[in-house]
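**Q** Take any residue in the sequence shown, note its place counting from 1, add 5, and you have its number in the numbering used here.
Just so it is clear, CB atoms sit at the ideal spot from N, CA and C, and this is done for glycine as well.
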Amino acid sequence: MIRFLLVSMFSLSLLFAGCDDNDSDNDEGIDVDVDGMTAVQSSSSVDATVSSLQNALQANDAISIVETVNHSANAQNAGLTLRATQVILFGNPQLGTPLMQENQTAGIDLPQKFLVYQDENDSVIIGYNNPQYVANRHGISGQDEILNTISSALSGLAENAAGMPVQVNNDNDVEAGEGLISVQSDFSVDSTFLNLQAAINANDALTVMAELDHQANAANVDMELHPTRVLMFGNPNLGTPLMQSGQTIGIDLPQKVLIYEDANGDVFLVYNDPFYLADRHDIEDQGDVLDTISNALQNLATAATSSQ
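As structure tokens, this is what we get:
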């Protein structure tokens, strides 16, 4: 089981006192126009910025990093090229569980992520998903205190690593359920998860990156959550062309599949519609790749959920 923790609310108030992400502005005027993503330009290289973020997370005993994915290294291993691009995944069940208690589909956007990349102008950018964007996408309300705590933590970490204030993006205009494809399963959560795992392992082009058990992580902090699991996997031969067209899509890669049991005992498998992700990151020239990814995800979902 992978345990994922961010900073406690008390630690946040000490560590990020004085950081205000409501009126910050980036003097460099970076051009990052992605719905629900806030960004800041770093004064260091991608590797140095990633190390700074990792060190800040690891400096607190409550923090654990789920995974750091080096998209450019994975592209190189597949014989492709991609400007330096990495994503760090981390989270906190004390803050994430209440969101999933309202709507378990929020688990597909958890844990939190920092994208660090070098753009076409050789600027190094840190990007992260706005907590309000996640709440809007999953129809979550009444969690303002938690959302503000997460927002302050993310902006503080990003600003500390970058050496300058974040460029706030308040465009969180996303409808509840937008870009989510849901398939009801004939099996339990664990059986559906094992079926999906087997289907991925049977494909040499796919690599499992990480597994999360949100329910178990919630139990570790004495909170309750219906069975909720996530499997992350990737294929650089398909993901790299998307990032070559729109590097910011690296924050939504690798692929994630959520499997959960709701309050009625029904089991669902949920994944991101690749065409929605392409639209979010303004990718317009990868129709064939998107068709391939979409068909592959549909086939994996069928293999995992259907007894036929």
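1. Give every residue of the same chain whose Cβ lies closer than 8 Å to the Cβ of Q148, excluding the five residues on either side of it in the sequence, and list them in chain order.
2. Under the DSSP definition of a beta bridge, which residues are partnered with N75?
3. From N304, E216, D36 and N97, pick the residue whose C-alpha is nearest to that of D66; which is it?
4. To the nearest angstrom, how far is the alpha carbon of N300 from that of V179?
5. Based on DSSP bridge pairs, tell me the residues matched to D218.
6. Which residues in the same chain as M228 place their Cβ atom closer than 6 Å to its Cβ, once the five residues preceding and following it in sequence are excluded?
7. Q106 CB to nearest chain B CB: under 9 Å?
8. Are the stretch 179 to 197 and the stretch 149 to 158 in contact at 8 Å, needing three or more beta carbon pairs?
9. Classify L111 as buried or exposed, calling it buried when 16 or more other Cβ atoms lie within 10 Å of its own Cβ.
10. I need the boundaries of the beta strand (DSSP E) containing N175, first residue and last residue.
11. Under three-state DSSP, which class holds L263?
12. Measure the beta-carbon distance from Q91 to V74 and round it to whole angstroms, keeping in mind my assumption that it falls under 8 Å.
13. Take G144 as the anchor and find which of D267, D284, A83 and Q109 has the nearest alpha-carbon.
14. On the premise that Q46 lies in contact with A166, defined as a C-beta separation below 8 Å, what is that separation, rounded to the nearest angstrom?
15. Determine the direct distance from the alpha carbon of Y265 to that of D38, and round the result to whole angstroms.
16. For F280, name the three-state secondary structure that DSSP assigns.
17. Find out if the Cβ-Cβ distance for the pair T307, L85 is shorter than 9 Å.
18. Looking at C-alpha atoms only, which residue of E150, H286, Y276 and M169 is the closest neighbour of V235?
19. Have a look at Q99, S187, G182 and V121 and flag the residue whose alpha-carbon is nearest the alpha-carbon of L274.
20. Contact defined as beta carbons within less than 8 Å: I believe T43 pairs with Y122. What is the distance between those atoms, to the nearest angstrom?
21. E183: which of D40, D36 and Q220 sits nearest, CA to CA?
22. Give a yes or no on whether the C-beta atoms belonging to L162 and A89 are separated by under 9 Å.
23. Report all residues from its chain with a CB closer than 8 Å to the CB of N200; omit the five preceding and five following residues, and keep chain order.
24. Taking only the alpha-carbon atoms, compute the straight-line gap between H219 and I70 and give it to the nearest angstrom.
25. For N206, is the classification buried or exposed, using 16 other Cβ atoms within 10 angstroms of its Cβ as the cut-off for buried?
26. For a test of the three-state rule: what should DSSP assign to A268, helix, strand or coil?
**A** According to the data block:
1. Working through the sequence shown from its first residue, we reach residue 148 at position 143. Closer than 8 Å at Cβ, skipping near neighbours: P103, L104, E107 and A140.
2. Taking the first residue of the sequence shown as position 1, residue 75 is located at position 70. In the DSSP output, where bridge partners are listed per residue, N75 has Q91.
3. Within the sequence shown, numbered from 1, the residue matching residue 66 stands at position 61. D66 has its Cα closest to that of N97, out of N304, E216, D36 and N97.
4. Position 295 of the sequence shown holds residue 300. Position 174 of the sequence shown holds residue 179. Computed Cα separation, rounded: 24 Å.
5. Indexing the sequence shown from 1 puts residue 218 at position 213. In the DSSP output, where bridge partners are listed per residue, D218 has R234.
6. For the purposes of this step, residue 228 is taken as residue 223 along the sequence shown, with counting starting at 1. Contacts found: T102.
7. Given the protein chain composition of this structure (a single chain), no chain B is represented.
8. Contact between the stretch 179 to 197 and the stretch 149 to 158 is absent, because fewer than three Cβ pairs lie under 8 Å.
9. To locate residue 111, count along the sequence shown from 1; it is residue 106. Checking the sequence, you will find Ala at residue 111 rather than Leu. Result: buried.
10. Counting from one through the sequence shown, the residue named residue 175 turns up at place 170. Per DSSP, N175 lies in no beta strand (DSSP E) and is assigned neither H nor E.
11. Walking along the sequence shown from the start, residue 263 turns up at place 258. Three-state DSSP puts L263 in a strand.
12. Position 86 of the sequence shown, counting from 1, holds the residue named residue 91. Position 69 of the sequence shown, counting from 1, holds the residue named residue 74. That belief holds up - the Cβ atoms of Q91 and V74 are roughly 7 Å apart, short of 8 Å.
13. In the sequence shown, residue 144 corresponds to position 139, counting from 1. For G144, the closest C-alpha among the options D267, D284, A83 and Q109 is that of Q109.
14. As a position in the sequence shown, residue 166 is number 161, starting the count at 1. As a position in the sequence shown, residue 46 is number 41, starting the count at 1. Rounded, the Cβ-Cβ distance is 11 Å, inconsistent with contact.
15. Here residue 38 refers to the residue found at position 33 when the sequence shown is read from its first residue. Here residue 265 refers to the residue found at position 260 when the sequence shown is read from its first residue. Distance between the alpha carbons of D38 and Y265: 32 Å.
16. On the sequence shown, position 275 is the one that residue 280 refers to. DSSP places F280 in helix when its eight states are reduced to three.
17. Residue numbering aside, residue 307 sits at position 302 when the sequence shown is read from its first letter. Residue numbering aside, residue 85 sits at position 80 when the sequence shown is read from its first letter. Their beta carbons are not under 9 Å apart, which means T307 does not touch L85 by this criterion.
18. The residue you call residue 235 lines up with position 230 of the sequence shown. Closest option to V235, Cα to Cα, is Y276.
19. Taking the sequence shown and counting its residues from 1, the one referred to as residue 274 is at position 269. The candidate whose alpha carbon is nearest that of L274 is S187.
20. The sequence position of residue 43 within the sequence shown is 38, counting from 1. The sequence position of residue 122 within the sequence shown is 117, counting from 1. Rounded, the Cβ-Cβ distance is 14 Å, inconsistent with contact.
21. Stepping through the sequence shown from its first residue, residue 183 is reached at position 178. For E183, the nearest C-alpha among the options comes from D40.
22. Reading the sequence shown from its first residue, position 157 is the one you call residue 162. Reading the sequence shown from its first residue, position 84 is the one you call residue 89. Cβ distance not < 9 Å, so L162 and A89 don't count as in contact.
23. The residue given as residue 200 occupies position 195 in the sequence shown. A distance below 8 Å between beta-carbons, with the five flanking residues on each side excluded, links N200 to the following residues of its chain, in chain order: F192, A308, A309 and T310.
24. Indexing the sequence shown from 1 puts residue 219 at position 214. Indexing the sequence shown from 1 puts residue 70 at position 65. Approximately 15 Å between the Cα atoms of the pair.
25. As a working mapping, residue 206 is identified with position 201 in the sequence shown. Exposed, because fewer than 16 other Cβ atoms sit within 10 Å of the Cβ of N206.
26. Numbered from its first residue, the sequence shown carries residue 268 at position 263. The answer is coil: DSSP assigns A268 none of H, G, I, E or B.
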